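S.K.: Quick note: to get the working numbering, add 345 to the position in the sequence shown (first position is 1).
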Amino acid sequence: MSPVGFIGLGRMGAGMAGRLLAAGVPIVVHDVSPDAVAAMVGQGASAAESPAAVGDRCEIVCVSLPMPDIVHEVLLGPKGVADGAKARIAVDLSTSGAAMARRISEGLAAHGIASFDAPVSGGVKPAHAGTLSLMASGPEAQWPQVEAVLGHFGKVFYMGETPGAGQTMKLVNNLLGAIAIAVTAEGMTMGIKAGLDPARMIEVLNQSTGINSATRDKWPRAVLPRSFDFGFAAALSHKDMKLMVDEAQGLGMDPHLGIYVRDLLARVLHEVGPDADFTAMAKVVEADAGLDPERGS
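(1) Go ahead and pull the three-state DSSP assignment for Ile372.
(2) Using the rule of at least 16 other Cβ atoms within 10 Å of the residue's Cβ for burial, across every protein chain shown, is Leu516 buried or exposed?
(3) Excluding five sequence neighbours on each side, which residues of the same chain lie with their C-beta closer than 6 angstroms to the C-beta of Trp564?
(4) Please report the Cβ distance between Asn551 and Arg566, rounded to the nearest whole angstrom; I am assuming they are in contact, meaning their Cβ atoms lie under 8 angstroms.
(5) Please state the DSSP three-state secondary structure of Phe498.
(6) Would you mind reading off the limits of the beta strand (DSSP E) that contains Ser582?
(7) If we ignore side chains and look at the alpha-carbon of each, how far apart do Ser572 and Gly483 end up?
(8) Return the chain-ordered list of same chain residues with a C-beta closer than 7 angstroms to the C-beta of Gly505, the five sequence neighbours on each side being excluded.
(9) Would you call the region 348-364 and the region 469-483 touching, i.e. three or more CB-CB distances under 8 angstroms?
(10) Could you give the distance in angstroms between the alpha-carbon of Ala611 and the alpha-carbon of Val416?
(11) For a quick check, are the C-beta atoms of Ser409 and Ser439 less than 7 angstroms apart?
(12) Per the contact definition of three or more C-beta pairs closer than 8 angstroms, is the region 586-593 in contact with the region 624-636?
(13) Once the 5 residues before and after Ser395 are set aside, which same chain residues still bring their CB inside 7 angstroms of it?
(14) Compute the Euclidean distance between the alpha carbons of Lys584 and Ala463, then round it to the nearest angstrom.
(15) Going by DSSP, which residues form a beta bridge with Asp622?
(16) Can you name, in chain order, every residue of its own chain whose Cβ lies under 6 angstroms from the Cβ of Met514, other than the five neighbours on each side?
(17) Using DSSP with H/G/I as helix, E/B as strand and the rest coil, what is Asp542?
(18) Grab me the residues of Ala390's own chain with a C-beta within less than 6 angstroms of its C-beta, minus the 5 sequence neighbours each way, in chain order.
(19) Out of Leu521, Gly468, Ala392, which one is the CA nearest neighbour of Gly499?
(20) Thinking Val426 and Ala397 are a contact (beta carbons under 8 angstroms), I'd like their distance in whole angstroms, please.
(21) Let's see if you can read the secondary structure: which residues bound the beta strand (DSSP E) around Met598?
(22) Do you know whose CA, among Ile434, Val528, Ala579, lies nearest Glu485's CA?
(23) Reducing DSSP to helix, strand and coil, say where Asp401 ends up.
(24) Report the three-state DSSP secondary structure of Gly603 (helix, strand or coil).
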């Protein structure tokens with residue numbers, strides 16, 4: 346079996362790379378963190394000293410990286426995947442935005458490499474469990490090869506050949522997910538200020554029409570216990586919302602709710618801290634209402 350390249354072994358990337366190893370797929374990995382590489386080698390992966398070295402050994406290379414510019418650098422920069430002699434397909438599992446997907450597709454095409462954008466949704470636990478959802482777009486001719494790899498990560502949705510179509514779908518998904526946190530924070534804050542028990546409120550919402558991804562998962566796991574550690578950084582969520590607003594405006598829209606959530610996440614980074622979880626949006630909404638649950642007021 347030909348090895349698959351995997352670059353970016355953070356919490357999401359390590360989980361997905363682990364799924365390939367668990368399925369018996371040989372992988373060649375690279376990351377800026379020696380510890381992350383060592384951990385994956387300990388599970389059976391082979392290491393490469395650069396993205397280009399991964400591309401020298403693998404026809405299909407997946408990347409899972411935090412920022413669009415890093416994705417571009419790893420794929421098309423000096424010693425990037427495109428410099429590898431064997432690379433023929435590159436798959437971006439990151440949330441990089443449609444504009445970057447188009448830019449990468451054009452750049453890789455010049456090297457004879459097919460580009461797929463296939464951002465994922467679900468979080469760290471689903472990455473390890475193989476239950477993510479993936480929104481992919483890229484050339485139909487190479488799709489069967491890519492689908493065979495992505496299927497190890499979860500349920501795959503092919504969005505067509507247009508570069509960036511998967512990214513657009515992911516930004517729509519992330520918009521709805523972030524709005525769910527913001528609106529739930531507002532509703533919960535109102536109820537708490539009126540004297541309602543927050544745990545009881547969540548119980549009611551989850552049996553009623555107000556149920557959403559935030560009431561179902563994020564409040565029980567991270568907000569009600571006041572841990573604010575659901576597992577997705579506010580900085581990354583803010584990046585996603587910036588990409589969403591930019592793309593929507595480029596399409597001639599005025600995304601009022603997207604702008605609100607983007608700015609709310611910017612306040613989280615400023616007022617709660619640069620390492621805050623995205624569930625800390627609730628803290629900012631509570632503070633605006635003069636509510637301090639930690640002090641019982």
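Glycine included, C-beta positions come from ideal geometry on N, C-alpha and C.
Remember, predicted model here, so these are calculated numbers, not experimental data.
M.R.: Per the coordinate set shown:
(1) As a position in the sequence shown, residue 372 is number 27, starting the count at 1. Three-state DSSP puts Ile372 in a strand.
(2) Sequence index remark: in the sequence shown, residue 516 carries index 171 (1-based). Leu516 should be labelled buried.
(3) For the purposes of this step, residue 564 is taken as the residue at position 219 of the sequence shown. Taken in chain order, the residues that qualify are Ile547.
(4) Residue 551 sits at position 206 when you count from the first residue of the sequence shown. Residue 566 sits at position 221 when you count from the first residue of the sequence shown. Wrong, their Cβ atoms sit about 13 angstroms apart, outside the cutoff.
(5) Residue mapping note: residue 498 aligns to position 153 of the sequence shown, counting from 1. DSSP places Phe498 in coil when its eight states are reduced to three.
(6) Counting from 1 along the sequence shown, the entry for residue 582 is found at position 237. Careful: Ser582 lies outside any beta strand (DSSP E), inside the alpha helix (DSSP H) at 579-595.
(7) Taking the sequence shown and counting its residues from 1, one reaches residue 572 at position 227. Taking the sequence shown and counting its residues from 1, one reaches residue 483 at position 138. Going by the C-alpha atoms only, they are around 39 angstroms apart.
(8) To locate residue 505, count along the sequence shown from 1; it is residue 160. Answer for Gly505: Ser482, listed in chain order.
(9) Short answer: they touch.
(10) Working through the sequence shown from its first residue, we reach residue 611 at position 266. Working through the sequence shown from its first residue, we reach residue 416 at position 71. Computed Cα separation, rounded: 23 angstroms.
(11) Position 64 of the sequence shown holds residue 409. Position 94 of the sequence shown holds residue 439. Annotated as proximal: Ser409 and Ser439, with beta-carbon spacing under 7 angstroms.
(12) no
(13) Along the sequence shown, one-based indexing puts residue 395 at 50. Result list for Ser395: His375, Lys424, in chain order.
(14) Locating residue 584 in the sequence shown gives position 239, counting from the first residue. Locating residue 463 in the sequence shown gives position 118, counting from the first residue. A straight line joining the alpha-carbon of Lys584 with that of Ala463 spans about 17 angstroms.
(15) Residue 622 sits at position 277 when you count from the first residue of the sequence shown. Partner(s): Ala578.
(16) Indexing the sequence shown from 1 puts residue 514 at position 169. If we look at Met514 and ignore the five residues flanking it on each side, its Cβ neighbours are Met480, Met504.
(17) Looking up residue 542 in the sequence shown gives position 197. In the structure shown, Asp542 sits in coil (DSSP, three-state: anything other than H, G, I, E or B).
(18) On the sequence shown, residue 390 is found 45 positions in, with the first residue counted as 1. Result list for Ala390: Ile372, Val374, in chain order.
(19) Here residue 499 is taken as the residue at index 154 of the sequence shown, counted from 1. Out of Leu521, Gly468, Ala392, Gly468 has the C-alpha closest to the C-alpha of Gly499.
(20) Residue mapping note: residue 426 aligns to position 81 of the sequence shown, counting from 1. Residue mapping note: residue 397 aligns to position 52 of the sequence shown, counting from 1. About 7 angstroms separates the two Cβ atoms, so the contact holds.
(21) In the sequence shown, counting from the first residue as 1, residue 598 sits at position 253. No beta strand (DSSP E) contains Met598, which DSSP labels as neither H nor E.
(22) Position 140 of the sequence shown, counting from 1, holds the residue named residue 485. It is Ile434 whose Cα lies nearest to the Cα of Glu485.
(23) Numbered from its first residue, the sequence shown carries residue 401 at position 56. Correct three-state label for Asp401: helix.
(24) Taking the first residue of the sequence shown as position 1, residue 603 is located at position 258. Gly603 falls in the helix class under three-state DSSP.
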